[in-house]
Amino acid sequence: MRQGLSDILTKEFGVDENELEEAKKMRSEQNLPLSEVLLKKKIVSEHQLLQAYARIYDLPFWQKLPLENLDTWFARKVPIGFLKKYAMVPIRSESGRQGSEDNGRTKIAINDPTAFQQLDDLVQLLEINDFDLVLSTRDAIYSIVNLAYDSSRDTAEQLVADMEENGGDIISEIEETADLLDDTSDAPIIKLVNHVISQSVKIGASDIHIEPEQYSLKIRYRVDGILYDMLTPPKWMQSSLVSRIKVMSRMNIAEKRLPQDGRFEVKIGNQNIDIRVSSIPIQYGERVVMRLLNKSGALFGLSELGLAQAKLDQIKRLISYSHGIILVTGPTGSGKTTTLYAVLSSLNSPDINIITIEDPVEYQLRGVNQIQVNPKIELTFARGLRSIVRQDPDVILIGEMRDLETAEIGVQSALTGHLVFSTLHTNDSASAITRLVDLGIEPFLISSSVIAVIAQRLVRVLCEECKEPYEPDAATLERLGVEPGDKQKPVLYRAAGCSKCFNSGYRGRVGIYEILELKSSLQNLVLRTYDSHRIKNEAVRLGMTTLYQDGLSKVLNGVTTIEEVLRVTQS
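Just so we're on the same page, this note's numbering is the position in the sequence shown counted from 1, plus 64.
This is the structure we're talking about:
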């Protein structure tokens with residue numbers, strides 16, 4: 065005799081009978097499936113429920129679904145919304161359609177085996193005569209669905225070619241969808257914009273540049289800090305393409321003579337992407353840059369930033385101080401915010417009050433009070449900071465010290481018992497002292513409030529799949545500080561390029577760091593001079609490792625190349 069769901073859950077998974085009865089009562093009252101109530105009240109996990117269903121219906125339970133060689137034939141026949149709503153997906157391997165173990169027999173992965181009507185609809189839509197059912201989790205099914213519909217879309221080149229053939233009518237629909245992969249709009253400009261954004265997320269781009277030229281239009285992606293040409297649509301598409309992006313980001317599409325800023329959010333599969341848009345008028349039209357921020361990405365911990373152990377220990381010691389200023393410096397896109405968020409995450413605890421003022425707030429940190437700068441209502445860094453210090457904070461993060469007023473309040477906060485973090489745009493750590501003096505901060509206040517300055521850059525990491533070892537020549541050895549006569553010559557690696565790294569030879573980035581700690585001799589020097597060269601020389605004499613030296617250590621460890629270190633550390 066076949067066991068029922070209640071019997072299996074109570075006898076095999078130890079579910080409390082009283083909780084089960086309450087769930088059944090709620091099912092009757094709210095007219096919901098029992099499985100949905102059980103999961104909503106967290107009486108059972110999804111895995112336990114599916115294992116129970118597997119016993120009842122004699123079906124296999126697959127925790128993972130095969131992603132390799134996936135045949136996406138169904139993506140042209142079934143709306144993505146149907147598969148997501150009812151959590152089911154057909155699976156067929158391209159390589160195994162003929163002559164495989166199951167003779168190309170189709171599998172249909174489902175999350176709810178009681179959805180008989182919807183399953184029957186799917187089978188009729190796809191005209192499948194023979195198939196096997198398997199049970200799987202919603203996440204596993206959604207992953208297959210998103211992959212199939214993303215890979216089955218037309219390429220950007222195909223979209224542009226189709227639009228060139230039918231260039232007479234460009235329809236601009238302005239409805240936004242929750243998920244770009246769900247957007248079934250036939251308007252070619254909308255399809256092109258959606259494709260450009262989804263592909264940029266897929267390859268891990270941080271920015272999309274739309275650059276008008278005299279007779280053409282260029283679309284470029286920035287991946288790991290390097291710009292790549294991706295697409296060259298015809299010039300006549302420029303106005304419609306820019307207008308579509310301005311509509312999405314709620315900018316004034318009629319204003320083409322002034323710079324504008326906007327933002328919008330999209331969802332691509334299970335990723336939430338925040339997109340900041342900036343447009344400026346140039347000689348041949350409006351130039352648009354979209355900065356992509358993946359809010360679904362996990363925050364880095366301090367140990368994941370690429371810090372050598374000695375520098376990691378030094379930063380942990382510095383951020384344990386009860387008061388003072390720690391500055392992080394570097395150009396735009398050098399990872400300053402990522403470092404500061406990693407620091408705040410390590411400090412974050414119930415007994416510490418952390419307040420930030422940022423422009424923009426890039427990630428939401430649980431337990432941290434974050435303020436978004438808004439110049440339209442005169443909520444500036446300085447004004448927000450004045451209010452922050454009355455909120456009894458232990459730790460304050462100032463997104464950037466842009467002016468004298470902000471810097472003065474930051475210094476006063478540090479001198480009155482607060483630990484303050486902020487950023488500056490300078491080339492190295494010593495230049496931060498000069499910059500503060502330029503802003504109007506007195507040297508004696510700098511020497512008594514600033515604990516340390518951390519300068520950083522991001523270097524690309526060699527692709528593990530294709531990096532090539534080589535023996536360095538004499539000039540390279542000299543750069544690395546290795547004597548020509550040394551018997552143990554280091555083995556270095558160079559970038560080769562393969563399909564997995566966008567043929568660049570690099571995958572991902574890691575930080576290189578320079579930490580200038582203001583010890584007593586440096587504090588005395590700052591009182592006498594704010595010449596950055598003299599300050600840097602004194603810091604090196606006291607044992608500071610420069611950005612260049614930290615980069616070379618990563619070259620010797622096979623993490624990156626000398627060319628990459630030179631690119632980010634020397635002009």
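Cβ coordinates follow ideal geometry from the N, Cα and C atoms, glycine included.
Exercise. For the stretch 568–620, list the alpha helix (DSSP H) runs that are entirely contained and at least 4 residues long, ordered along the chain.
Key: Uninterrupted alpha helix (DSSP H) stretches at least 4 residues long and entirely within the stretch 568–620 occur at 584–592, 596–605 and 611–620, given in chain order.
Quiz item: Could you give the uninterrupted runs of the alpha helix (DSSP H) lying entirely in the stretch 269–347, keeping only those of 4 residues or more?
Solution: With a minimum length of 4 residues, the continuous alpha helix (DSSP H) runs that stay inside the stretch 269–347 are 302–312.
Quiz prompt | DSSP beta-bridge partners of N438 | solution = Translated into the one-based positions of the sequence shown, residue 438 becomes position 374. N438 is bridged to L443.
Quiz item: What separation, rounded to the nearest whole angstrom, lies between the Cα atoms of V623 and Q373?
Solution: Here residue 623 refers to the residue found at position 559 of the sequence shown. Here residue 373 refers to the residue found at position 309 of the sequence shown. Rounded to the nearest whole angstrom, the C-alpha separation of V623 and Q373 is 16 angstroms.
Quiz prompt | Nonlocal neighbours in the same chain, by C-beta distance under 8 angstroms from D32, ignoring five residues either side | solution = A question about residue 32 goes unanswered here, because the residues of the chain that appear run from 65 up to 635.
Quiz item: Taking Cβ to Cβ, would you say R521 is nearer than 9 angstroms to L611?
Solution: As a first step, residue 521 is located in the sequence shown; it is residue number 457 there, counting from the start. As a first step, residue 611 is located in the sequence shown; it is residue number 547 there, counting from the start. The Cβ-Cβ distance between R521 and L611 falls below 9 angstroms.
Self-check item: DSSP-derived helix/strand/coil call for E240
Solution: Residue mapping note: residue 240 aligns to position 176 of the sequence shown, counting from 1. Interpretation of E240 is limited by its pLDDT of 43, a score under 50 that renders its predicted location unreliable; the figure taken from the coordinates is listed afterwards. Assigned with DSSP and collapsed to three states, E240 falls in coil, not helix or strand.
Quiz item: Between I238 and the rest of its own chain, which residues show a CB-CB distance below 6 angstroms, the 5 nearest in sequence each way excluded?
Solution: Translated into positions along the sequence shown, residue 238 becomes position 174. Here the model assigns I238 a pLDDT of 33, short of 50, so the residue's position is not dependable, and the following value carries that caveat. Result list for I238: V311, in chain order.
Exercise. Check whether the Cβ atoms of I272 and M354 lie closer than 9 angstroms to each other.
Key: Counting from one through the sequence shown, the residue named residue 272 turns up at place 208. Counting from one through the sequence shown, the residue named residue 354 turns up at place 290. Yes, they are a contact pair.
Quiz item: What number of angstroms, rounded off, separates the C-alpha of S164 from the C-alpha of Q263?
Solution: Taking the sequence shown and counting its residues from 1, one reaches residue 164 at position 100. Taking the sequence shown and counting its residues from 1, one reaches residue 263 at position 199. Unreliable positioning characterises S164 in this predicted model, as indicated by a pLDDT of 38, which lies under 50. The coordinate reading is nonetheless provided below. Spanning the two alpha carbons is a distance of roughly 33 angstroms.
Quiz item: Going straight from the alpha carbon of T593 to that of A496, what length do you get?
Solution: Your numbering for residue 593 matches position 529 in the sequence shown. Your numbering for residue 496 matches position 432 in the sequence shown. The straight-line gap from Cα to Cα measures roughly 13 angstroms.
Quiz item: Is the beta carbon of V517 sitting closer than 9 angstroms to the one on F485?
Solution: Translated into positions along the sequence shown, residue 517 becomes position 453. Translated into positions along the sequence shown, residue 485 becomes position 421. No, the Cβ-Cβ distance between V517 and F485 is not below 9 angstroms.
Exercise. Using beta-carbon positions only, say whether L443 and I435 come within less than 9 angstroms of one another.
Key: Stepping through the sequence shown from its first residue, residue 443 is reached at position 379. Stepping through the sequence shown from its first residue, residue 435 is reached at position 371. Using a Cβ distance threshold of 9 angstroms, L443 and I435 count as a contacting pair.
Exercise. Name the two residues that bound the continuous alpha helix (DSSP H) containing Y150.
Key: Position 86 of the sequence shown, counted from the first residue, corresponds to residue 150. Run containing Y150: I144 to Y150, per the alpha helix (DSSP H) assignment.
Quiz item: Taking the continuous alpha helix (DSSP H) assigned at T633, which residues delimit it?
Solution: For the purposes of this step, residue 633 is identified with residue 569 of the sequence shown, where counting begins at 1. Membership of T633 in the alpha helix (DSSP H) is indicated by the continuous run I626 to T633.
Quiz item: To the nearest angstrom, how far is it from the Cα of V306 to the Cα of E422?
Solution: Locating residue 306 in the sequence shown gives position 242, where the first residue counts as 1. Locating residue 422 in the sequence shown gives position 358, where the first residue counts as 1. If I take the Cα positions, the gap works out to 28 angstroms.
Quiz prompt | Between the CA atoms of D185 and S109 - distance to the nearest angstrom | solution = Start at 1 with the first residue of the sequence shown, and residue 109 comes out as number 45. Start at 1 with the first residue of the sequence shown, and residue 185 comes out as number 121. Rounded to whole angstroms, the separation of the alpha carbons of D185 and S109 is 28 angstroms.
Quiz prompt | Helix, strand or coil at A118 according to DSSP, with G and I counted as helix | solution = Stepping through the sequence shown from its first residue, residue 118 is reached at position 54. Looking at A118 - three-state DSSP - the assignment turns out to be helix.
Exercise. May I ask which residues mark the beginning and end of the alpha helix (DSSP H) holding L522?
Key: Working through the sequence shown from its first residue, we reach residue 522 at position 458. Per DSSP, L522 belongs to no alpha helix (DSSP H); it is in the beta strand (DSSP E), V514 to L526.
Quiz item: Does DSSP classify A87 as helix, strand or coil?
Solution: The residue given as residue 87 occupies position 23 in the sequence shown. A87 falls in the helix class under three-state DSSP.
Self-check item: Residues that DSSP places opposite E532 in a beta bridge
Solution: By 1-based counting over the sequence shown, the position of residue 532 is 468. R558, per the DSSP bridge assignment.
Quiz item: Can you round the beta-carbon distance between S360 and V352 to whole angstroms, since I take them to be within the 8 angstroms contact cut?
Solution: Numbered from 1 along the sequence shown, position 296 holds the residue referred to as residue 360. Numbered from 1 along the sequence shown, position 288 holds the residue referred to as residue 352. Not really, about 24 angstroms apart at Cβ, beyond 8 angstroms.
Quiz prompt | Cα-Cα separation, E506 to S303 | solution = As a working note, residue 506 is residue 442 in the sequence shown. As a working note, residue 303 is residue 239 in the sequence shown. Approximately 51 angstroms between the Cα atoms of the pair.
Self-check item: Rounded separation between L509 and A471 - CA only
Solution: Your numbering for residue 509 matches position 445 in the sequence shown. Your numbering for residue 471 matches position 407 in the sequence shown. For L509 and A471, the distance between alpha carbons rounds to 11 angstroms.
Quiz item: Going straight from the alpha carbon of K266 to that of Q552, what length do you get?
Solution: The residue you call residue 266 lines up with position 202 of the sequence shown. The residue you call residue 552 lines up with position 488 of the sequence shown. Going from the Cα of K266 to the Cα of Q552 covers about 42 angstroms.
Self-check item: Segments of 3+ residues assigned as beta strand (DSSP E) that fall wholly inside the stretch 341–397
Solution: Entirely contained in the stretch 341–397, the beta strand (DSSP E) runs reaching 3 residues are, in chain order, 349–358 and 388–393.
Quiz item: Is R156 buried or exposed, if buried means 16 or more other CB atoms sit within 10 Å of its CB?
Solution: Within the sequence shown, numbered from 1, the residue matching residue 156 stands at position 92. Counting Cβ neighbours within 10 Å, R156 comes out buried, since at least 16 surround it.
Quiz item: Counting pairs of beta carbons, one from the stretch 539–547 and one from the stretch 582–589, are three or more of them closer than 8 angstroms?
Solution: Judged by Cβ distances under 8 angstroms, the stretch 539–547 makes no contact with the stretch 582–589, as fewer than three pairs qualify.
Practice problem: Return the first residue and the last residue of the beta strand (DSSP E) that A173 is part of. | Solution: Counting from one through the sequence shown, the residue named residue 173 turns up at place 109. Counting along the chain, the beta strand (DSSP E) containing A173 begins and ends at T170 to I174.
Practice problem: Ignore the nearest five residues each way along the sequence and tell me which others in E240's own chain have a CB closer than 6 angstroms to its CB. | Solution: Counting from one through the sequence shown, the residue named residue 240 turns up at place 176. Low per-residue confidence applies at E240: pLDDT is 43, beneath 50, and the placement is therefore not dependable, though the value from the model is reported in the following sentence. Excluding residues within five positions, none has a Cβ falling inside 6 angstroms.
Practice problem: Would you check if the distance between the CB atom of V555 and the CB atom of E535 is smaller than 9 angstroms? | Solution: Numbered from 1 along the sequence shown, position 491 holds the residue referred to as residue 555. Numbered from 1 along the sequence shown, position 471 holds the residue referred to as residue 535. Yes, these two residues count as a Cβ contact at 9 angstroms.
Quiz item: Quick one: is K400 buried, meaning 16 or more other Cβ sit within 10 Å of its Cβ, or exposed?
Solution: Along the sequence shown, one-based indexing puts residue 400 at 336. Under this definition K400 is a buried residue.
Quiz item: Terminal residues of the continuous alpha helix (DSSP H) containing L500?
Solution: On the sequence shown, residue 500 is found 436 positions in, with the first residue counted as 1. First-last of the alpha helix (DSSP H) with L500: S493 to L503.
Exercise. Flag this pair as yes or no: are the beta carbons of L102 and L211 separated by less than 9 angstroms?
Key: On the sequence shown, residue 102 is found 38 positions in, with the first residue counted as 1. On the sequence shown, residue 211 is found 147 positions in, with the first residue counted as 1. No, they are not a contact pair.
Quiz item: Does DSSP put L96 in a helix, a strand or coil?
Solution: Numbered from 1 along the sequence shown, position 32 holds the residue referred to as residue 96. In the structure shown, the three-state DSSP call for L96 is coil.
Quiz item: Under 9 angstroms, do H489 and T396 count as touching if we go by C-beta distance?
Solution: Stepping through the sequence shown from its first residue, residue 489 is reached at position 425. Stepping through the sequence shown from its first residue, residue 396 is reached at position 332. Taking C-beta atoms as the reference points, H489 and T396 count as a pair closer than 9 angstroms.
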